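Number of protein chains: 4
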Amino acid sequence: MIAVLKHGASPERTEHLINWLKEQNLGVQVSQGESHTVLGLIGDTANVDMEMIQSLDIVETVTRVSDPFKAVNRKFHPDDSTIRVGEAAIGGGHFGLIAGPCSVENEAQITYVANRVKQAGANFLRGGAFKPRTSPYDFQGLGAEGIRLLLEAKKATGLPIVTELMDIRNIDLFQDVDVIQVGARNTQNFDMLKELGKTKKPILLKRGLAGTIKELLMSAEYIMASGNENVILCERGIRTYESTYTRNTLDLSAVPVLKNLTHLPVVVDPSHGTGHTYLVEPMALAAVAAGADGLMIEVHNDPTHALCDGAQSQTPDEFAATARKIFRIREAMQG
Amino acid sequence: MIAVLKHGASPERTEHLINWLKEQNLGVQVSQGESHTVLGLIGDTANVDMEMIQSLDIVETVTRVSDPFKAVNRKFHPDDSTIRVGEAAIGGGHFGLIAGPCSVENEAQITYVANRVKQAGANFLRGGAFKPRTSPYDFQGLGAEGIRLLLEAKKATGLPIVTELMDIRNIDLFQDVDVIQVGARNTQNFDMLKELGKTKKPILLKRGLAGTIKELLMSAEYIMASGNENVILCERGIRTYESTYTRNTLDLSAVPVLKNLTHLPVVVDPSHGTGHTYLVEPMALAAVAAGADGLMIEVHNDPTHALCDGAQSQTPDEFAATARKIFRIREAMQG
Amino acid sequence: MIAVLKHGASPERTEHLINWLKEQNLGVQVSQGESHTVLGLIGDTANVDMEMIQSLDIVETVTRVSDPFKAVNRKFHPDDSTIRVGEAAIGGGHFGLIAGPCSVENEAQITYVANRVKQAGANFLRGGAFKPRTSPYDFQGLGAEGIRLLLEAKKATGLPIVTELMDIRNIDLFQDVDVIQVGARNTQNFDMLKELGKTKKPILLKRGLAGTIKELLMSAEYIMASGNENVILCERGIRTYESTYTRNTLDLSAVPVLKNLTHLPVVVDPSHGTGHTYLVEPMALAAVAAGADGLMIEVHNDPTHALCDGAQSQTPDEFAATARKIFRIREAMQG
Amino acid sequence: MIAVLKHGASPERTEHLINWLKEQNLGVQVSQGESHTVLGLIGDTANVDMEMIQSLDIVETVTRVSDPFKAVNRKFHPDDSTIRVGEAAIGGGHFGLIAGPCSVENEAQITYVANRVKQAGANFLRGGAFKPRTSPYDFQGLGAEGIRLLLEAKKATGLPIVTELMDIRNIDLFQDVDVIQVGARNTQNFDMLKELGKTKKPILLKRGLAGTIKELLMSAEYIMASGNENVILCERGIRTYESTYTRNTLDLSAVPVLKNLTHLPVVVDPSHGTGHTYLVEPMALAAVAAGADGLMIEVHNDPTHALCDGAQSQTPDEFAATARKIFRIREAMQG
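Take a look at the structure:
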């Protein structure tokens, strides 16, 4: 970390600051410039509060030289991480195609969809049992029963299942779930992240509704710092001023940015990321071309009667057509 | 709710839709126009999924005529709500001046600050015991001990206390807390909101990091729908592209917008809303002029040594000067 | 357009509004519902001011059923438009690969880069002669001399040239330019758009710095309404809160959205759209997979000595590698 | 400016960079740290391209220590600037109350409104002659005739007039206009700014649609660097994701931020900044409390028949009531 002091900072105040920094167990290297004094801070600066230092009246600017994240940092772990679930895998060259309905509605629905997406090439089944809904009057999901039905569909197809945990008090219900999803509204639910860090289960961590890339990485850091290394990052669209034609703005540049910063796998959710069925395929293909390690796509047997998010679901036939193109782009990328 | 069908929608598809809407217990009024068919939906449309209807290929547009929120709606409750805590009150003409440090650090600190802000005119003491921090390596608050210290400061000054709950599993620690704060990262933690709806304690609900006004109201609706009518709304700045000179963009227009839509009291947090001490006073005064029912201001005995958010804290002296101006603007408003 | 009147709107006020609407040459169809009166407006509603009607105190909501744009609308022109310049073409299945330096610096530079990008497969040469710079102290481009040098490079390579017009008073200098670019800061310079509508030259119209998709289409409408049908739309990144790792957020979902709404060709600028060389290739490939009709890529012989935007320029070698992958993805898309 | 080189930057590359910086007429001070080399750049760094340096592969971070703006900078001009027009003035303790219709429609209208706002305490008359409209089919203003009518209203009331210039080719029509307004879509029309820098007329420069504070200052710098010191800055709302209840998000924190950074006067436009009449008064009062040097408010004799922006206009009576409260808040501020 580099702190530049203001022109004219008094020697007393400067010394006072240097002493305080040393009390924080930092090495301080002072460079006396013509107009400014520059302090180089050495040591574990990840837990130094930049904003506090910035607030001091003798400080002009503070710049972080090293990243605030460690366990997720590619610098300290250059190889791609691969997250394995049974025979399926995501990352390190393995592509995860996660598909299924927004909400689990009944056994026939989830098993039918599971079979269809498996045939089309999906290697994970998604389905919501606990649903975060903006309105208390909207359908809130089947809860524990939804998880039971997902496990039936897993039994029928062999596909590992991905489903969202909304309340840490329900963690026991997730014992047989293969991948626990943390939704966009819980990306910074730090107590939940710490708790998930104590399991060994793969966590699919969605970027916040209007979360920064750095915040996503710091949330992954919470999980890893608590002991769980199995984290998959998921870009799912961010909130911008453009909301007439898309629900969110899918930030595909996050894919190569994340691949550069971290060794963790990165998947993209073009369904929530756009909110419209007709945009799912082009954005899915674009995500693959941008280098994503996987996709998460909503598929419903009857989108116009879906209990939630029908507007963005593909039919099984549409998904099969999209999957074929996905694999073609994957090939072209490797060719 | 008004649905406009596309030019050329077939009679069969149209009838199919009308029947489906009736199955949802809605009255449907059909107006056959020259180029478009318009459906007026009557009944409890708050739980109709607009996006689902919008997604149907025969539907051109759907417009909500009635608001999606009920309990918080001023239409059904025209008078201002007043939230009372002992002798203090917010709303309905009562001004809440909530002040105190970002984090509780030790007994001397919190009691000293409590005494000073009380002298300056504050009628609530704030202080963080559980702190949501972006980094797992940052100071996370004193936890239960922090609450104990806040209660000591309450005993010493008589000021009711406001502090944040981050994990619903800790709710028992909050039995003697006067106002429970829901932070910006938990505004859409729906399971927590439902649980808080079962208490009778006043809840200070912050707007999400990049939350819309409608989402804030829907989150308040979650609490009220679960049985707790004591909700205070808090504007605390939203995330925008402008982040060079302010941490967030304080959206003061949210104050008159909310006062128009809901009967609940609205307070403003200019400290988190700006991130810089020198902006706290002008934004506090502006909030009062915009019609806010209260303010929440960070005050620290020694901001440059604060364990968090020192950059935006006032000293007790600065706060006293600001408080005097706040009361002067309040008077001018009433004059 | 559909206007829903408030519950309890008086008959006099309602009649007053209906009469006023008729004065605007609109047909008005009244549907009396149980709780609301609905007015259907028929005729040329593109120039009815929705916000004005919305502001009337008897009006609950106003919804536009038809789009506010006409000439650019795919509904009235279902086939893709193809913009032709000599042998090169963009749209209707033709891919435009536009490459060259941010700024023209001297004859050797522009001719060298032109030759290299042509060899790699580019069919248009870009280069800035007039440069919009945030600071008056930054390099502002070579001006007329820059255009002269571009024309030399065109002579040497046969590539048609694309360059930006910043001040309509300079239009005469652009007589031999093949495609006139309107930059992101001039997307809503309406007088310039009207003037460009009087030429027949292809216009490459960039989306505004924080422009909506609708605004981009309305600006294209300005050009077409003035008589010029040769408009190419360009996505170049939008301004969002995420600015740590990317300069802008490249909104690739704009590609399929625009392809759905308009018949005009859509190209993508991944260089300005990301601001970093390492992101150009993945975003270029993603744009192709999303269905873009072309790309605009900055290429500089010596990026670290470029007079502007070196941070986002590829070298000729990097561009050649990217171009090969672009063509491979194009093939996979068609396969 | 401070550049921190990456750990492991080779001595050759480092020397190469230092030599290049010296060629730019900068002094370079090298501090060899334990893990990083820090370069301090001395001299006129306002025209050094930070992004270019940042792009070099041996550079970790670049930080600007001094501001990129000079003429507008309060550091070099500590006292408030006062812009005077006849007897009226804005800045340096003088409050500018600018009022009038969005568009000039006819002589009776503009003269009537001018008289009414003058009685209420306005000291400037605003009115649009050239109107920037998103749609080419919307009313575009009366043009030259509009300016003639404004001058009639000036003759009748003595109020100096403020009106917008959209096309620099029309500058001659503005000879008798007192204050030339640059609209939000032209804030970065750099050629227009340079041209306006050659006049001595006061320029009211609006912040861009989604403009940053720094960009606003740099645009003012364009005008001042070209020789015109009479610049008034205007906050008019910024584009954010929140657009359901307000047209823009009025960024009142920009007022104290700008007052801190620059000596130029700052006014606020709560009419465009909110888009709704009922929000104009609370936001006007809030702007005064935040320290604004003036306000720009739309007033129309018959808002529901206004040719544009009626939704946000006050009636003369409403304006008079608001003006009384404005003056009361001003007093309370000084008291």
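Protein chains in written order, with our numbering: chain A, 13 to 347; chain B, 13 to 347; chain C, 13 to 347; chain D, 13 to 347. Just so you know, even glycine gets a beta-carbon here, dropped at the ideal spot from N, CA and C. Keep in mind the model is a prediction, meaning the values are calculated, not measured.
Taking beta-carbon pairs under 8 Å, can you tell me which members of the segment 270 to 289 of chain C lie near chain A? N272, L273, G285, T286
Give the range of the beta strand (DSSP E) segment to which G112/D is assigned. Stepping through the fourth sequence from its first residue, residue 112/D is reached at position 100. Looking at the DSSP string, the run of the beta strand (DSSP E) that includes G112/D is 108 to 112.
Once the 5 residues before and after N127/D are set aside, which same chain residues still bring their CB inside 8 Å of it? The residue given as residue 127/D occupies position 115 in the fourth sequence. In chain order, A168, T169 place their CB closer than 8 Å to the CB of N127/D, counting only its own chain and leaving out the 5 sequence neighbours on each side.
Along the segment 252 to 264 of chain C, what residues have a CB closer than 8 Å to any CB found in chain B? Residues passing the 8 Å Cβ filter: T252, Y253, S255.
Inter-residue CB distance, I102/B and I235/B (contact presumed, cutoff 8 Å): Counted from its first residue, the second sequence places residue 102/B at position 90. Counted from its first residue, the second sequence places residue 235/B at position 223. In fact, because the Cβ distance is near 16 Å, the residues do not count as touching under 8 Å.
Check whether the Cβ of M295/A lies closer than 8 Å to any Cβ atom in chain B. In the first sequence, residue 295/A corresponds to position 283, counting from 1. Using beta-carbon distances, M295/A does not count as an interface residue toward chain B, since no partner is under 8 Å.
In chain order, what residues of the segment 86 to 98 of chain B put their CB closer than 9 Å to some CB of chain D? Listed by position along the chain: nothing, the set is empty.
Going by DSSP in three states, N85/B sits in which element: helix, strand or coil? Start at 1 with the first residue of the second sequence, and residue 85/B comes out as number 73. DSSP places N85/B in strand when its eight states are reduced to three.
Between the beta-carbon of V279/A and the beta-carbon of G108/A, is there less than 8 Å? Counting from 1 along the first sequence, the entry for residue 279/A is found at position 267. Counting from 1 along the first sequence, the entry for residue 108/A is found at position 96. Contact: yes.
Within-8 Å CB hit, I215/B to chain C: Sequence index remark: in the second sequence, residue 215/B carries index 203 (1-based). Cβ-Cβ to chain C under 8 Å: no for I215/B.
With the cut-off set at 8 Å, would you say P268/B and P282/D are in Cβ contact? The residue labelled residue 268/B in the question sits at position 256 within the second sequence. The residue labelled residue 282/D in the question sits at position 270 within the fourth sequence. Not closer than 8 Å, so no.
At which residues does the beta strand (DSSP E) containing G306/D begin and terminate? Numbered from its first residue, the fourth sequence carries residue 306/D at position 294. Taken as a continuous stretch (DSSP letters only), the beta strand (DSSP E) holding G306/D covers 306 to 310.
Neighbouring residues, chain B, relative to Q66/A (Cβ below 7 Å): The sequence position of residue 66/A within the first sequence is 54, counting from 1. Chain B residues near Q66/A: A323.
Beta-carbon proximity list for T286/C, same chain, < 8 Å, skipping 5 on both sides: Residue mapping note: residue 286/C aligns to position 274 of the third sequence, counting from 1. G249, T258, R259, N260, L262, V292, M295, Q324.
Residue span of the beta strand (DSSP E) that contains V60/C, given as start and end: Against the third sequence, residue 60/C aligns to sequence position 48. From DSSP, V60/C is part of no beta strand (DSSP E); its letter is neither H nor E.
Hey, does K226/A have any beta-carbon neighbour from chain C nearer than 8 Å? Within the first sequence, the letter at position 214 stands for residue 226/A. At least one chain C Cβ lies under 8 Å of K226/A.
Whole-angstrom distance between P113/A and T334/A, CA atom to CA atom: Taking the first residue of the first sequence as position 1, residue 334/A is located at position 322. Taking the first residue of the first sequence as position 1, residue 113/A is located at position 101. Approximately 16 Å between the Cα atoms of the pair.
Name the chain C residues that come within less than 9 Å of Q349/D, Cβ to Cβ? With chain D represented from 13 up to 347, any question about residue 349/D goes unanswered, as that position is not in the structure.
Just checking, does the segment 142 to 153 of chain C make contact with the segment 191 to 207 of chain D on the three C-beta pairs under 8 Å criterion? yes
For R96/C, the nearest candidate out of P214/C, K271/C, I309/C (CA to CA): To locate residue 96/C, count along the third sequence from 1; it is residue 84. Closest by C-alpha distance to R96/C, out of P214/C, K271/C, I309/C, is P214/C.
Let me confirm a value: P23/C is counted as buried when at least 16 other C-beta atoms fall within 10 Å, else exposed. Which label applies? One-based indexing of the third sequence puts residue 23/C at position 11. Its Cβ having fewer than 16 others within 10 Å, P23/C is exposed.
Please name the residue or residues paired with I192/A in a DSSP beta bridge. Indexing the first sequence from 1 puts residue 192/A at position 180. Answer is T175/A, I215/A, bridged to I192/A.
Can you say whether Y253/D is buried or exposed, counting buried as having 16 or more other CB atoms within 10 angstroms of its CB? As a first step, residue 253/D is located in the fourth sequence; it is residue number 241 there, counting from the start. Classification for Y253/D: buried.
Straight-line gap, F16/B to L51/B (C-alpha atoms, nearest Å): Working through the second sequence from its first residue, we reach residue 16/B at position 4. Working through the second sequence from its first residue, we reach residue 51/B at position 39. Note that residue 16/B is Val in the sequence shown here, rather than Phe. Cα-Cα distance, rounded: 6 Å.
Do we get a CB-CB distance below 8 Å when we pair R248/D with the residues of chain C? As a working note, residue 248/D is residue 236 in the fourth sequence. No, R248/D does not count as interfacial toward chain C.
Buried or exposed (CB count within 10 angstroms, at least 16 for buried), K166/A: Here residue 166/A refers to the residue found at position 154 of the first sequence. K166/A should be labelled buried.
Reduced DSSP category for E24/A - H, G, I as helix; E, B as strand; rest coil: Stepping through the first sequence from its first residue, residue 24/A is reached at position 12. Helix, per DSSP.
Three Cβ pairs or more, each shorter than 8 Å: is that satisfied between the segment 221 to 237 of chain A and the segment 218 to 225 of chain C? no
Taking DSSP as the reference, what is the three-state secondary structure of Q326/A? Within the first sequence, the letter at position 314 stands for residue 326/A. Looking at Q326/A - three-state DSSP - the assignment turns out to be strand.
Range covered by the alpha helix (DSSP H) that runs through E12/A: Outside the displayed range of chain A (13 to 347) lies residue 12/A, so it cannot be described from this structure.
Contacts that G303/C makes with chain A (C-beta to C-beta distance below 8 Å): In the third sequence, counting from the first residue as 1, residue 303/C sits at position 291. The contacting residues are P294.
Looking at the structure shown, is S147/D part of a helix, part of a strand, or coil, going by DSSP? On the fourth sequence, position 135 is the one that residue 147/D refers to. S147/D: coil per DSSP, three-state reduction.
So, using beta-carbon positions, are M13/C and T73/C closer together than 8 Å? Walking along the third sequence from the start, residue 13/C turns up at place 1. Walking along the third sequence from the start, residue 73/C turns up at place 61. Taking 8 Å as the Cβ cut-off, M13/C and T73/C do not qualify as a contacting pair.
Are the Cβ atoms of I338/C and V300/C separated by less than 8 Å? Within the third sequence, numbered from 1, the residue matching residue 338/C stands at position 326. Within the third sequence, numbered from 1, the residue matching residue 300/C stands at position 288. Their beta carbons are under 8 Å apart, which means I338/C touches V300/C by this criterion.
Quick check on DSSP: helix, strand or coil for E247/A? As a working note, residue 247/A is residue 235 in the first sequence. The answer is strand: DSSP assigns E247/A an E or B state.
By Cβ distance, which residues of its chain are closer than 7 Å to I70/D, with the 5 residues on each side in sequence left out? The residue labelled residue 70/D in the question sits at position 58 within the fourth sequence. Within the same chain, I70/D has close Cβ partners L17, K18, A21, R25, T26, L29.
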